[in-house]
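Report on the structure given below.
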Amino acid sequence: SIISRRKFHQKEFRNRNASNEESLEGIKKILGSSGENLLV
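Residue numbers are given in UniProt numbering: position 22 of the sequence shown equals residue 22, and the series is strictly consecutive.
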């Protein structure tokens with residue numbers, strides 16, 4: 001039960017990271033090259 005719960009949390013964490021990266025890409029597209037400079 002603990003192992004399956006841990007796997008579930010890893011899956012949730014991965015999904016959260018993916019959505020964060022997608023939103024970052026969206027922000028870069030909106031802001032353009034100046035936005036990339038800000039994020040780096």
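All C-beta atoms, glycine included, are put in the ideal place defined by N, C-alpha and C.
Euclidean distance between Cα positions of residue i and residue j
i   : j   : result
N15 : K7  : 12 Å
A18 : K28 : 15 Å
I2  : H9  : 11 Å
Element boundaries [alpha helix (DSSP H), containing residue i]
i   : result
G26 : I2 to L31
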